[in-house]
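Only one structure is covered here, and it is reproduced in the block below.
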Amino acid sequence: MAAKEKDTIAVEITPITAEKVLKVGIMLDPKSRDITSMRKMVVHICQEVEHHQNMSDFYQGEVEWVKELLELSRVDRMIRFGE
-1 MAAKEKDTIA
9 VEITPITAEK
19 VLKVGIMLDP
29 KSRDITSMRK
39 MVVHICQEVE
49 HHQNMSDFYQ
59 GEVEWVKELL
69 ELSRVDRMIR
79 FGE
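Every letter in the sequence shown is one number past the one before it in the numbering used here, and letter 15, counting from 1, is 13.
This is the structure:
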């Protein structure tokens, strides 16, 4: 039973230790820092692209709505003035 408890404790401790080692490794290794920086940049650029796509979709919807209003206005003018 004692061996099983040691294994359980080792399993619980190992990921934390490995995570700390990776963080220290990332902080010390310039190449890893560059990779981390580039990943952050890619995430930021992807967010920017998504934002601009959402804005484009919004304004495209606004354009369609204005086109419909202009068509209704044209039809209304034809009915009122017999053009």
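We put the CB at the ideal spot given by N, CA and C, even for glycine.
Rounded C-alpha distance that separates residue i from residue j
i	j	result
T86	V61	Within the shown structure, residues of the chain are numbered from -1 to 81, placing residue 86 beyond reach of any answer.
D55	L67	19 angstroms
E48	H42	10 angstroms
V40	K65	37 angstroms
R72	G59	20 angstroms
D27	Y57	45 angstroms
R37	W63	39 angstroms
M53	C44	14 angstroms
F79	H50	43 angstroms
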